[in-house]
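Numbering (the numbering used here), first residue to last: -3 to 344.
All residues carry an ideal CB built from backbone N, CA and C; glycine is no exception.
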């Protein structure tokens, strides 16, 4: 038998890895673990800087054939841990963590919704390619589910040129803090071949979310959705993103949060409006979801990580949900099977 080449041994090491790592034992991290266990992923390593919190979550989620174990950061990176995919469900920034994981030839699913962090993550494309692994950026609710819904609606058009996203609600405390910061920064939008910036908290628009949520005033915010949706569909000419906010939210956005955020927000919503041409005529399609934000984010991230582990996502480098190169229809089906209900607007 011919001796194996060093590259062959490296490839075998990657193939033998069958575990998924989760970084972050908060509300969203727990939803990620729940979804992974529900689809038969029985080997999960959990890491959090708060060791006791991670151990408590692992003990609660360790049931039946599921094996949820805690691990230090160095253990997560080691070859002996046999981890091939890690979900970053902790607070941003994620770029430095992702860089270490990619260097260890571990694929990454990031839930970051911080604009600066997302730009740094996208900048790791060449590094991911060089190490033969994949980095999925913004695999949460918004961004994340918004990309899957964009591709779902776009496939029914001959061509699309506009997409407008609005979100309501927050997940865990870190998500609430990010929402607070997003209303005090500069919003990003794509308008007729150029990036534009507008003050966050401006541009009020009444947006209707799927029932039972209903209508809320939504405002521009510093969120990464326009960056990622434009990357997913380069043909778009106009891309905007808004978040719901009260008058108090807007007026206190530049101050420290007046009260500690809740452990988990209430029912949240996401709506996406796509415009383009269908059957030779101008057409608009609207879809959305009504569910707790952490639940949507957890299911989207877990479904994406499981697809990476199984090889259903085979492309390497940095990518975003909604890109034509990804199996978006399969991912959306997995998300819907995870209990997230899709709503579509039907009418004139």
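Tell me whether residue 12 is buried or exposed, calling it buried when 16 or more other Cβ atoms sit within 10 Å of its Cβ.
Counting from one through the chain shown, the residue named residue 12 turns up at place 16. For residue 12, the pLDDT reaches just 42, beneath the cut-off of 50, and the residue's location in the model is therefore unreliable, leaving the point undetermined.
Which value, in whole angstroms, describes the spacing of the CA atoms of residue 221 and residue 304?
Looking up residue 221 in the chain shown gives position 225. Looking up residue 304 in the chain shown gives position 308. The alpha-carbon atoms of residue 221 and residue 304 are separated by roughly 22 Å.
Within the region 216 to 269, ranges of the beta strand (DSSP E) (whole runs, at least 3 residues)
Counting only unbroken stretches of 3 or more residues, the beta strand (DSSP E) elements lying wholly within the region 216 to 269 are 234 to 240, in sequence order.
Spatial neighbours of residue 188 within its chain, please: C-beta separation below 8 Å, excluding the five flanking residues on both sides.
As a first step, residue 188 is located in the chain shown; it is residue number 192 there, counting from the start. Hits under 8 Å: 233 and 234.
Taking Cβ to Cβ, would you say residue 147 is nearer than 8 Å to residue 120?
Taking the first residue of the chain shown as 1, we reach residue 147 at position 151. Taking the first residue of the chain shown as 1, we reach residue 120 at position 124. No; because the gap between Cβ atoms is not below 8 Å, this pair is not in contact.
Between the CA atoms of residue 311 and residue 80 - distance to the nearest angstrom:
Indexing the chain shown from 1 puts residue 80 at position 84. Indexing the chain shown from 1 puts residue 311 at position 315. So the alpha carbons of these two residues sit roughly 15 Å apart.
Any 3 or more C-beta pairs closer than 8 Å across the region 203 to 217 and the region 241 to 253
In the pairwise beta carbon analysis, the region 203 to 217 is classified as touching the region 241 to 253: at least three pairs are separated by under 8 Å.
Reduced DSSP category for residue 176 - H, G, I as helix; E, B as strand; rest coil
Sequence index remark: in the chain shown, residue 176 carries index 180 (1-based). Three-state DSSP puts residue 176 in a helix.
Comparing alpha-carbon positions, which option in 130, 314 and 229 lies nearest residue 151?
Numbered from 1 along the chain shown, position 155 holds the residue referred to as residue 151. Here the closest residue by C-alpha is 229.
Consult DSSP for residue 195 and reduce its assignment to one of helix, strand or coil.
By one-based count along the chain shown, residue 195 stands at place 199. Looking at residue 195 - three-state DSSP - the assignment turns out to be strand.
Relative to the C-alpha of residue 84, which residue among 205, 45 and 52 is closest?
The count along the chain shown starts at 1 and reaches residue 84 at position 88. That would be 45, whose Cα lies nearest to the Cα of residue 84.
Tell me the DSSP secondary structure of residue 96 in three-state form.
Counting from one through the chain shown, the residue named residue 96 turns up at place 100. In this structure, residue 96 counts as helix in the three-state DSSP scheme.
Bridge partners - residue 132, DSSP secondary structure assignment:
Residue numbering aside, residue 132 sits at position 136 when the chain shown is read from its first letter. Assignment of beta-bridge partners to residue 132 by DSSP yields 105 and 315.
Decide if the region 197 to 207 is in contact with the region 265 to 273; the criterion is three or more beta carbon pairs, one per stretch, under 8 Å apart.
Enough Cβ pairs lie closer than 8 Å, so yes.
Which same chain residues, not among the five before or five after residue 55, have their C-beta less than 7 Å away from its C-beta?
Position 59 of the chain shown, counted from the first residue, corresponds to residue 55. Taking C-beta separations shorter than 7 Å and ignoring five residues to either side along the sequence, residue 55 has no partners in its chain.
Can you have a look at residue 331 and say buried or exposed, based on whether 16 or more other CB atoms are within 10 angstroms of its CB?
The residue labelled residue 331 in the question sits at position 335 within the chain shown. Classification for residue 331: buried.
What's the C-alpha gap between residue 109 and residue 173?
Position 113 of the chain shown, counted from the start, is the residue given in the question as residue 109. Position 177 of the chain shown, counted from the start, is the residue given in the question as residue 173. In this model, residue 109 and residue 173 are separated by some 11 Å (Cα to Cα).
Only counting the same chain, and skipping five residues up and downstream in sequence, which positions put a Cβ closer than 7 Å to that of residue 101?
Residue 101 sits at position 105 when you count from the first residue of the chain shown. For residue 101, where only same-chain residues beyond five positions count, the Cβ hits under 7 Å are 10, 127, 128 and 129.
Using alpha carbons as the reference points, say which of 28, 35 and 156 lies closest to residue 277.
Counting from 1 along the chain shown, the entry for residue 277 is found at position 281. The shortest C-alpha separation from residue 277 is found at 156.
Residue 32: first and last residue of the uninterrupted beta strand (DSSP E) it sits in
The residue you call residue 32 lines up with position 36 of the chain shown. Going by DSSP, residue 32 is part of no beta strand (DSSP E) but of the alpha helix (DSSP H) stretching over 23 to 34.
Near residue 64, which residues of its chain fall below 7 Å by C-beta distance, leaving aside the five closest residues on each side in sequence?
The residue you call residue 64 lines up with position 68 of the chain shown. Short of 7 Å from the beta carbon of residue 64, and not among the five residues preceding or following it, lie these beta carbons of its own chain, in chain order: 29, 40, 42, 54, 57 and 58.
Taking 7 Å as the limit between beta carbons, can you name the residues of its chain near residue 113, skipping five residues before and five after?
Your numbering for residue 113 matches position 117 in the chain shown. For residue 113, where only same-chain residues beyond five positions count, the Cβ hits under 7 Å are 88, 89, 90 and 91.
Going by beta carbon distance, what residues of the same chain come within less than 8 Å of residue 299, once the five residues before and after it are set aside?
The count along the chain shown starts at 1 and reaches residue 299 at position 303. Once the five neighbours on either side are set aside, the close Cβ partners of residue 299 are 31, 35, 327, 330, 331 and 334.
If I follow the unbroken beta strand (DSSP E) through residue 50, where does it start and stop?
Along the chain shown, one-based indexing puts residue 50 at 54. Not the beta strand (DSSP E): residue 50 falls in the alpha helix (DSSP H), residues 47 to 57.
Would you report the Cα separation of residue 319 and residue 246, rounded to the nearest angstrom?
In the chain shown, the residue the question calls residue 319 occupies position 323. In the chain shown, the residue the question calls residue 246 occupies position 250. Here the C-alpha atom of residue 319 lies approximately 33 Å from the C-alpha atom of residue 246.
State the Cα-Cα distance for the pair residue 26 and residue 279, rounded to the nearest angstrom.
The residue labelled residue 26 in the question sits at position 30 within the chain shown. The residue labelled residue 279 in the question sits at position 283 within the chain shown. Rounded to the nearest angstrom, the two C-alpha atoms are 40 Å apart.
Rounded to whole angstroms, what is the Cα-Cα separation between residue 176 and residue 170?
Numbered from its first residue, the chain shown carries residue 176 at position 180. Numbered from its first residue, the chain shown carries residue 170 at position 174. Approximately 10 Å between the Cα atoms of the pair.
Report whether the distance from the Cβ of residue 149 to the nearest heavy atom of the ligand FMN is below 7 Å.
Here there are no bound small molecules, and the ligand FMN is not part of this structure.
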